[in-house]
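**Q** In our numbering, the protein residues as written are 6 to 271.
Using N, Cα and C, we set each Cβ at its ideal position, and we do this for glycine too.
Remember, predicted model here, so these are calculated numbers, not experimental data.
1. Within the continuous beta strand (DSSP E) that includes residue 34, where are the two ends?
2. Closer than 8 Å by C-beta to residue 66: which residues in its own chain qualify, once you throw out the five before and the five after it? Chain order, please.
3. Roughly how many whole angstroms lie between the Cα atoms of residue 305 and residue 260?
4. Alpha carbon to alpha carbon, how far is residue 265 from residue 237?
5. What first and last residue would you give for the alpha helix (DSSP H) that runs through residue 54?
6. Going by C-alpha to C-alpha distance, which of 149, 240 and 123 sits closest to residue 132?
7. Specify, as a first and last residue, the run of the alpha helix (DSSP H) that residue 62 falls within.
8. Roughly how many whole angstroms lie between the Cα atoms of residue 213 and residue 162?
9. So what's residue 183 in DSSP terms, helix, strand or just coil?
10. Using CA coordinates, which residue listed in 258, 172, 164 and 185 is at the minimum distance from residue 3?
11. Along the chain, which unbroken stretches of the alpha helix (DSSP H) at least 4 residues long are found entirely within the stretch 91-129?
12. Would residue 250 and residue 146 be called neighbours here (beta carbons separated by less than 8 Å)?
13. Mind the definition here: the stretch 199-211 touches the stretch 228-248 only if three or more C-beta pairs lie below 8 Å; say whether that holds.
14. Quick check on this structure: which residue in 36, 221 and 108 has the alpha carbon closest to the alpha carbon of residue 79?
15. Based on the DSSP secondary-structure assignment, which residues constitute the bridge partners of residue 163?
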């Protein structure tokens with residue numbers, strides 16, 4: 006689909022929703038056919054405002070939503086964000102302003118966008134997207150989805166059910182919050198080779214194995230498109246595979262969760 010092309014008219018029976026994925030460096034979104042997991046528009050992306058303050062991010066999201074073209078009045082909006090989210094309130098702040106801690110985020114975005122929304126954790130959205138449309142679809146047992154980016158996001162899926170707010174990126178290993186050593190941003194910041202970065206990932210995923218005994222690891226985030234450079238370097242008992250949806254997982258999961266607001270536990 007070329008830049009600026011209007012969204013196609015959805016087919017009869019299609020459930021349309023908007024998915025917005027807020028990250029530490031970028032905010033992206035699209036209109037989604039949640040019945041199939043198809044993006045009905047180009048994926049749009051804007052830079053996350055410096056400082057990551059609530060009002061600034063909300064205005065950027067409004068600008069992005071406006072760039073998507075005409076959105077059906079009945080379309081729900083799902084927004085995912087890098088924080089623990091309980092009942093629309095952000096309880097933490099990873100790679101964004103500390104003003105988000107204890108903040109009524111869902112209410113801010115509903116006011117800014119002028120419509121009801123669902124506000125969820127970003128890794129939960131990505132995991133739910135993978136469980137519905139991607140690599141975890143139809144698979145049982147315990148699946149741990151991790152997203153490697155500015156930080157490390159995680160989602161726990163057991164027999165297709167999402168258990169929200171699993172902040173496994175913040176596991177303390179060797180006396181440090183391990184996402185500071187193993188996130189993709191650490192690789193870039195320290196100019197690590199794929200091999201050196203994989204050595205850190207090995208420690209991280211071995212720790213998850215010991216704690217959870219999962220049936221499958223799925224690795225997402227933008228770097229997953231380069232999975233052949235680092236996943237084969239890992240030596241784990243648990244199968245580990247790249248996410249199918251790659252960087253669209255958060256958009257798709259947020260859009261879908263906005264149509265299933267009761268899908269999250271807690």
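**A** Here's the rundown:
1. Residue 34 -> beta strand (DSSP E) spans 31-38.
2. Counting only Cβ-Cβ distances below 8 Å, and skipping sequence neighbours, we find 25, 27, 32, 34, 84, 114, 117 and 118.
3. No answer is possible for residue 305: the residues shown for the chain start at 6 and end at 271.
4. The C-alpha of residue 237 is placed about 36 Å away from the C-alpha of residue 265.
5. Element bounds for residue 54: n/a, residue is neither H nor E.
6. That would be 149, whose Cα lies nearest to the Cα of residue 132.
7. The continuous alpha helix (DSSP H) containing residue 62 extends over residues 59-72.
8. Each residue's CA atom was taken as its position, placing residue 213 and residue 162 some 14 Å apart.
9. Three-state DSSP puts residue 183 in coil, outside helix and strand.
10. One cannot answer for residue 3 here, as it falls past the ends of the chain, which runs 6 to 271.
11. Along the length of the stretch 91-129, whole alpha helix (DSSP H) runs at least 4 residues long occupy 110-118, reported in chain order.
12. The beta carbons of residue 250 and residue 146 sit no closer together than 8 Å.
13. Contact holds: three or more Cβ-Cβ distances are below 8 Å.
14. Closest option to residue 79, Cα to Cα, is 36.
15. Paired residue(s): 147 and 166.
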